[in-house]
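Worksheet: one structure, shown below.
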Amino acid sequence: MSASVHEQPSETHPPKAGRISRLKKKVTTRDGWLGDYDYAWLCAPSLPFGNHKKSRPPPFYALDADLPLVLAMTSGLQHALAMLAGLITPPIIFASALSLDSETSAYMISASLIGCGILSLVQMSRFPLFGGYYLGTGLLSVVGTSFATLSTADAIFNSMYNDGTCPSTTAADGTITRGACPDAYGKVLGTSLICSFLEMGMSFMPSRVLQRIFPPLVTGTVILLIGASLIGSSGILNWGGGSNGCQDFPTSGIFQLCPTTLAPRPLPWASPEFIGLGFLSFISIIITELFGSPFLKNISIIVGLVVGCIVAGAAGYIDNSSIKTAPAITFLWVKTFKIGVYPPAILPMLAVYVSVAMEAIGDITASAEVSRLEVDGPEFDSRIQGGVLSDGVGGFLSALFTVTPLSIFAQNNGVIAITRCANRGAGRWCCAFLILFGVLGKVAGALLAIPNPVLGGVTTFLFASVAVSGARVLSYVPYARRDRFVLAAALSFGLGDLLVPGVFTHLFDRVRNPNSALQGLFDSITIILSTPFLAAGIVAVVLNLILPHESADVEEEDGVEQVDAESQMQEEK
Numbered sequence: 001m002s003a004s005v006h007e008q009p010s011e012t013h014p015p016k017a018g019r020i021s022r023l024k025k026k027v028t029t030r031d032g033w034l035g036d037y038d039y040a041w042l043c044a045p046s047l048p049f050g051n052h053k054k055s056r057p058p059p060f061y062a063l064d065a066d067l068p069l070v071l072a073m074t075s076g077l078q079h080a081l082a083m084l085a086g087l088i089t090p091p092i093i094f095a096s097a098l099s100l101d102s103e104t105s106a107y108m109i110s111a112s113l114i115g116c117g118i119l120s121l122v123q124m125s126r127f128p129l130f131g132g133y134y135l136g137t138g139l140l141s142v143v144g145t146s147f148a149t150l151s152t153a154d155a156i157f158n159s160m161y162n163d164g165t166c167p168s169t170t171a172a173d174g175t176i177t178r179g180a181c182p183d184a185y186g187k188v189l190g191t192s193l194i195c196s197f198l199e200m201g202m203s204f205m206p207s208r209v210l211q212r213i214f215p216p217l218v219t220g221t222v223i224l225l226i227g228a229s230l231i232g233s234s235g236i237l238n239w240g241g242g243s244n245g246c247q248d249f250p251t252s253g254i255f256q257l258c259p260t261t262l263a264p265r266p267l268p269w270a271s272p273e274f275i276g277l278g279f280l281s282f283i284s285i286i287i288t289e290l291f292g293s294p295f296l297k298n299i300s301i302i303v304g305l306v307v308g309c310i311v312a313g314a315a316g317y318i319d320n321s322s323i324k325t326a327p328a329i330t331f332l333w334v335k336t337f338k339i340g341v342y343p344p345a346i347l348p349m350l351a352v353y354v355s356v357a358m359e360a361i362g363d364i365t366a367s368a369e370v371s372r373l374e375v376d377g378p379e380f381d382s383r384i385q386g387g388v389l390s391d392g393v394g395g396f397l398s399a400l401f402t403v404t405p406l407s408i409f410a411q412n413n414g415v416i417a418i419t420r421c422a423n424r425g426a427g428r429w430c431c432a433f434l435i436l437f438g439v440l441g442k443v444a445g446a447l448l449a450i451p452n453p454v455l456g457g458v459t460t461f462l463f464a465s466v467a468v469s470g471a472r473v474l475s476y477v478p479y480a481r482r483d484r485f486v487l488a489a490a491l492s493f494g495l496g497d498l499l500v501p502g503v504f505t506h507l508f509d510r511v512r513n514p515n516s517a518l519q520g521l522f523d524s525i526t527i528i529l530s531t532p533f534l535a536a537g538i539v540a541v542v543l544n545l546i547l548p549h550e551s552a553d554v555e556e557e558d559g560v561e562q563v564d565a566e567s568q569m570q571e572e573k
C-alpha cells in the first residue's frame, strides 16, 4: 500500500481460516477500526479566517481495498444522507398528486428507501451470467427513484383524472378537486413492470451501438429538460406553498390556502412567510458549501432541510400528525396497490425506460472515472451492460416492491470524489442505512411532515443540479452545424412544452367518437407531447440518426480534437 492509494486485493481468495483471522484483526485492532484516514480533514470546517495549512490528502480507497470500519460506516452514512432528499421527493410528489392520506404517503417513502437499499446491493455486485454477460456494475453505484418518471407520471395522472379513471369533483366556481386515487399509482406500477423488459433487452445490445443511438447530444438534452421541468412542476411550486392546486387561488374548498385550510398555519400561495422559509433552506445549502466541512458539504441538502424544519417547527408550520400515525416499524407490502396496466401509459413509459438507460450509461461512466478505473475496453463495456441490465431488473422488482422505477443515481459520484473512497464496503453500509431508515416508520413520518416551502427550497436546488448535469453532458458536444440543428429542433419541442404546458393537451379534442383503441393511442401521444423531455428526446434521437454528417462537420470535429490534444500536451509539459 502506497502513501496515497490503497491497492486492490489480489484475485485469489484467502482460505476460510485466513478470512476469519482478517476479520478478527479488523474488529479487535485500532488499525482495523480507524486505519490511517485523516478524519480531522473530513470534519474540519472551511473557516474564512485563520492559517490554512496544506495537509496531506487522505489515501484513496479503491473498489475492493481493505477499508477501516469507522471510515466504511462514515462514508456509507454520507452516501445515504446525500441521496436521501432525492429518494423521498418522488413518493411525496406522487402522494400529493393523487391526494393520498398521510399513512399511505409515509409507507411510500419507507418502501422507496427499503427498495433503494436492496436494489443498490444488486447494482454494486457483478454477478456473472451466461456468455460473458453480467448483472450489476461492480462499482459503488447506488440507485434511486428515477426523476424521469416524475414528469411522465404527472402527465399520466392528469390523463387518468381527465378520462374518469380517477375521481374528481367540480365546484360551482369551476374549481376542480381531485379525490384520492391509489389505483392510479397501481396502474403506473403495473405499466412500468411490463415496460422494464425493454431496458433489459437494451442491455444486451453492444455498448457502441447504444452510444451511437444515445450520444451526449441526446442524453444531455433529456437530462437538462428533466431537471428544468421538475423545477417548474414541483420545486418552485412547493417553495411557494404547494403544488396540489392551491397555487391556482381557488375560491372554495380546502385548497383556498396552502398547503390546505386544515394545516396549522395556512396561507395564500407565494406568501412572504413561505418564500422566506424556502429561501432559508436554500441559503443554508450555500452557506454549508462556503464554510462546511467535507462531510457537511456532501450532505448540504440535508443541512438545508434540517435548518428549514427547525425554524418552521418553532414558527408552528409543521403538522406532526404524520409522525403520530406512522408505525414504529414497517416494511414492504404493509400496504399494497392494485396492480394494473393503463394502456395510454405504455408508450410514454417505454420512452422513460429508454431515458433511464441513457442516464445509466452516463452515470456508470462518471462512476468509473471517479473510481479511477478505465472508461473504455471490454471490462468497462461489461460494466455498462451489467448496469443497464440491473436497471431493467430493478424496474421490474421495484414495481413488485410498490416503488416506481429505480435507476442509478449520479449524486454519489461527488461523495466519492471528495472523500476519495470508491470502496464497495462503504456502499454496502450505505444500503444498510437506507434500509434502516425505511424500516423505522417514524423516520418516514418525520420526512412527510417537512413543510412544502422547506421541501421546495431544497428540491428546487436539487432539480437544478439535475439540469446542470445535463448541461455538463452537452458540453462534450463539438457543436458543429449538424449538432446545433439537432439541438435546436429538440429544444423547440422541449422548451415550448415547458413554457406553455397545455399546448398539446387539446390536440385531439375535435376528433369525434374514436374507438377505445384509437383513444388510447391519442392519449399516449398527448402524454408524450406533454412531457418536455420525452418530446425533445424523441426528436433528438430521430434527427441524430437520419441527418448525415457533413464533411465540414467532420473537419470541425477533427480540429476540435486536435486542439484538445495539443492543450493536453501543453498541460503535461
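Residue numbers for the sequence shown follow UniProt numbering, beginning at 1 and rising by one.
The C-beta atom is built at its ideal place from N, Cα and C for all residues, glycine as well.
Secondary structure of Val454, DSSP reduced to three states: The sequence position of residue 454 within the sequence shown is 454, counting from 1. Of the three classes helix, strand and coil, the one that applies to Val454 here is helix, per DSSP.
Pair within 7 Å by beta-carbon distance, residue 582 and Ile364: Examination of residue 582 is not possible in this model, given that the chain is present from 1 through 573 alone.
Nearest-angstrom Cα separation, counted from Gly32 out to Ser21: Your numbering for residue 21 matches position 21 in the sequence shown. Your numbering for residue 32 matches position 32 in the sequence shown. Distance between the alpha carbons of Ser21 and Gly32: 12 Å.
Lys25 classed as buried or exposed, judged by whether at least 16 other C-beta atoms fall within 10 angstroms: Taking the sequence shown and counting its residues from 1, one reaches residue 25 at position 25. Exposed, since its Cβ has fewer than 16 Cβ neighbours within 10 Å.
Nearest neighbour of Ala40, chosen from Glu273, Leu139, Trp333 and Leu296 [CA to CA]: For the purposes of this step, residue 40 is taken as the residue at position 40 of the sequence shown. For Ala40, the nearest C-alpha among the options comes from Leu296.
Where the alpha helix (DSSP H) through Ile408 begins and ends: Here residue 408 refers to the residue found at position 408 when the sequence shown is read from its first residue. Unbroken run through Ile408 is the beta strand (DSSP E), Leu406 to Ile408; no alpha helix (DSSP H).
Backbone secondary structure at Gly144 - three-state DSSP: Position 144 of the sequence shown, counting from 1, holds the residue named residue 144. Of the three classes helix, strand and coil, the one that applies to Gly144 here is strand, per DSSP.
Beta-carbon separation (whole angstroms), Gly115 vs Leu406, contact threshold 8 Å: Within the sequence shown, the letter at position 115 stands for residue 115. Within the sequence shown, the letter at position 406 stands for residue 406. Their Cβ separation, rounded to whole angstroms, is 6 Å, which keeps Gly115 and Leu406 in contact under 8 Å.
Cβ-based neighbour list, Ser102, same chain, cut-off 7 Å, excluding 5 preceding and 5 following: Start at 1 with the first residue of the sequence shown, and residue 102 comes out as number 102. So the list reads Ser321, Ser322, Thr325 and Leu448, once near-sequence residues are dropped.
Nearest-angstrom Cβ-Cβ length linking Leu67 and Gly470, presumed shorter than 8 Å: Position 67 of the sequence shown, counting from 1, holds the residue named residue 67. Position 470 of the sequence shown, counting from 1, holds the residue named residue 470. Not a contact, Cβ separation roughly 33 Å.
Three-state secondary structure (DSSP) of Phe337: What you label residue 337 is simply residue 337 of the sequence shown in a count that begins at 1. Looking at Phe337 - three-state DSSP - the assignment turns out to be coil, as it is neither helix nor strand.
Backbone CA spacing between Glu555 and Ser475 [nearest angstrom]: Mapped onto the sequence shown, residue 555 falls at position 555. Mapped onto the sequence shown, residue 475 falls at position 475. Model confidence at Glu555 stands at a pLDDT of 48, short of 50, so the residue's coordinates are unreliable; what they give is reported in the following sentence. Rounded to whole angstroms, Glu555 to Ser475 spans 19 Å at the Cα level.
Minimum C-alpha distance to Val218 - residue among Asp391, Ser382, Ser355 and Val403: Taking the first residue of the sequence shown as 1, we reach residue 218 at position 218. Nearest option by C-alpha distance: Ser355.
Alpha carbon of Tyr133 to alpha carbon of Trp429, nearest angstrom: Here residue 133 refers to the residue found at position 133 when the sequence shown is read from its first residue. Here residue 429 refers to the residue found at position 429 when the sequence shown is read from its first residue. Between Tyr133 and Trp429, the C-alpha separation is close to 27 Å.
Proximity to Asp64 [Cα-Cα], best of Ser105, Ile118 and Leu140: Locating residue 64 in the sequence shown gives position 64, where the first residue counts as 1. That would be Leu140, whose Cα lies nearest to the Cα of Asp64.
Ser281, buried or exposed, once every other Cβ within 10 Å from all chains shown has been counted against 16: Here residue 281 corresponds to residue number 281 of the sequence shown, with the count starting at 1. When all chains shown are included, Ser281 counts as buried.
Rounded C-alpha distance that separates Ser110 from Gly441: In the sequence shown, the residue the question calls residue 110 occupies position 110. In the sequence shown, the residue the question calls residue 441 occupies position 441. When rounded, the distance between both Cα atoms is 7 Å.
Thr177: first and last residue of the uninterrupted alpha helix (DSSP H) it sits in: By one-based count along the sequence shown, residue 177 stands at place 177. First-last for Thr177: Ile176 to Arg178, but that is the beta strand (DSSP E), not the alpha helix (DSSP H).
Three CB pairs or more closer than 8 Å across the segment 78-86 and the segment 164-172: no
Which of helix, strand or coil DSSP assigns to Ser4: For the purposes of this step, residue 4 is taken as residue 4 along the sequence shown, with counting starting at 1. At Ser4 the pLDDT is 46, less than 50, meaning the model places this residue with poor confidence and gives no usable figure here.
Contact set for Gly427: own chain, Cβ-Cβ below 6 Å, skip 5 residues either direction: Residue numbering aside, residue 427 sits at position 427 when the sequence shown is read from its first letter. Only Met124 and Leu140 meet the Cβ criterion.
contact_flag[the segment 451-468, the segment 153-162] where n(CB pairs < 8 Å) is 3 or more: no
Minimum length 4: unbroken alpha helix (DSSP H) runs contained in the segment 155-214: 182-202 and 207-213
Rounded straight-line distance, which links the Cα of Val486 to that of Val454: Reading the sequence shown from its first residue, position 454 is the one you call residue 454. Reading the sequence shown from its first residue, position 486 is the one you call residue 486. Computed Cα separation, rounded: 38 Å.
Range of the contiguous alpha helix (DSSP H) that encloses Thr137: Along the sequence shown, read from residue 1 onward, the residue named residue 137 stands at position 137. Premise fails: Thr137 is in no alpha helix (DSSP H) and is neither H nor E.
Per-residue burial, Gly316 [other beta carbons within 10 Å of its own, 16 or more giving buried]: Reading the sequence shown from its first residue, position 316 is the one you call residue 316. When all chains shown are included, Gly316 counts as exposed.
For Ala228 and Ala467, the rounded distance between their alpha carbons: One-based indexing of the sequence shown puts residue 467 at position 467. One-based indexing of the sequence shown puts residue 228 at position 228. The straight-line gap from Cα to Cα measures roughly 6 Å.
Pair within 7 Å by beta-carbon distance, Asp497 and Pro532: Indexing the sequence shown from 1 puts residue 497 at position 497. Indexing the sequence shown from 1 puts residue 532 at position 532. Yes, the pair counts as a contact, with Cβ atoms nearer than the cut-off.
Local conformation of Pro264 per DSSP, three classes: Counting from one through the sequence shown, the residue named residue 264 turns up at place 264. Three-state DSSP puts Pro264 in coil, outside helix and strand.
Ile329 - partner residues in DSSP beta bridges: For the purposes of this step, residue 329 is taken as residue 329 along the sequence shown, with counting starting at 1. Per DSSP, Leu440.
Cβ pair Phe255, Gly245 closer than 7 Å: As a working mapping, residue 255 is identified with position 255 in the sequence shown. As a working mapping, residue 245 is identified with position 245 in the sequence shown. Yes. Within cutoff.
Which of helix, strand or coil DSSP assigns to Phe130: Residue 130 sits at position 130 when you count from the first residue of the sequence shown. Three-state result, Phe130: coil.
The segment 385-395 in contact with the segment 199-213 per 3-pair CB rule at 8 Å: yes
Cβ-based neighbour list, Ala360, same chain, cut-off 7 Å, excluding 5 preceding and 5 following: Along the sequence shown, one-based indexing puts residue 360 at 360. Same-chain partners within the cutoff: Gly387, Val388, Asp391, Ser407 and Ile408.
Expected contact under 8 Å - CB spacing of Val352 and Thr152 to nearest Å: Along the sequence shown, read from residue 1 onward, the residue named residue 352 stands at position 352. Along the sequence shown, read from residue 1 onward, the residue named residue 152 stands at position 152. The pair is a contact, with the Cβ atoms about 5 Å apart (cut-off 8 Å).
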